[in-house]
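Novice: The structure that follows is given in the form of structure tokens.
In this note's numbering, the protein residues as written are 0 to 182.
Structure (structure tokens):
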């Protein structure tokens, strides 16, 4: 393992030890606030607003890196969405590459009026794994702060003191958009 990767791995392990204290304070308060929110009542009927309006399948995803290099995608799952500019839906997808355990997050935009049936999308990868033992998963836009994108980084390190480590990170959506635009 290179010196930079070792330093980053040690940083991640130290960070995981510090995070548990912060999580013990933050998570209970968020849980209490979420329980106070109004619940949506769902009904089982054909007229429900919760029916499937559009869907994306693997063969309809064209993934490219920010440098316009095509990426081989074998799985597509766990999307998160945000409405941008009132009539465009921004979608974050978890994509799996050649090795299923190496996942990353890509972004695409689809006009809301085009969300019907099977949808084909062109995506740009925005969050890559940094280590060979890492995957980036489960994109989620914070409902309280739509400028934040939470994601999970899972580390699989069988030869170290921790075999599996999963941590949640936050990225600012403005930084993700700047990264996509190359500015």
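Backbone N, C-alpha and C fix where the C-beta goes; we use that ideal spot for every residue, glycine too.
Note that this is a predicted model, so its numbers are computed, not measured.
Could you spell out where the beta strand (DSSP E) holding residue 88 opens and where it closes?
Specialist: Position 89 of the chain shown holds residue 88. Segment 87 to 95, the beta strand (DSSP E) holding residue 88.
Novice: Taking DSSP's pairing of strands, which residues face residue 82 in a bridge?
Specialist: Counted from its first residue, the chain shown places residue 82 at position 83. Beta-bridge pairing links residue 82 to 88.
Novice: In angstroms with no decimal places, state the Cα-to-Cα distance between residue 6 and residue 115.
Specialist: Numbered from 1 along the chain shown, position 7 holds the residue referred to as residue 6. Numbered from 1 along the chain shown, position 116 holds the residue referred to as residue 115. About 47 Å.
Novice: Does residue 68 come out as helix, strand or coil in the three-state DSSP assignment?
Specialist: If you number the chain shown from 1, residue 68 lands on position 69. The answer is coil: DSSP assigns residue 68 none of H, G, I, E or B.
Novice: Of the residues 95, 53, 26 and 154, which one's Cα is nearest the Cα of residue 133?
Specialist: For this step, residue 133 is matched to residue 134 along the chain shown. Here the closest residue by C-alpha is 154.
Novice: Tell me which same chain residues have a C-beta within less than 7 Å of the C-beta of residue 117, skipping the five on either side of it?
Specialist: Counting from one through the chain shown, the residue named residue 117 turns up at place 118. Closer than 7 Å at Cβ, skipping near neighbours: 54, 56 and 59.
Novice: Use the C-beta contact count for residue 192: other C-beta atoms within 10 angstroms, 16 or more gives buried, fewer gives exposed.
Specialist: The requested residue 192 is not part of the displayed model; the chain covers only 0 to 182.
Novice: Closest to residue 124 by CA distance: which of 8, 14 and 104 is it?
Specialist: Indexing the chain shown from 1 puts residue 124 at position 125. Ranking the options by Cα distance to residue 124, first place goes to 104.
Novice: Can you round the beta-carbon distance between residue 88 and residue 70 to whole angstroms, since I take them to be within the 8 Å contact cut?
Specialist: For the purposes of this step, residue 88 is taken as the residue at position 89 of the chain shown. For the purposes of this step, residue 70 is taken as the residue at position 71 of the chain shown. Incorrect: roughly 22 Å between the Cβ atoms, too far for contact.
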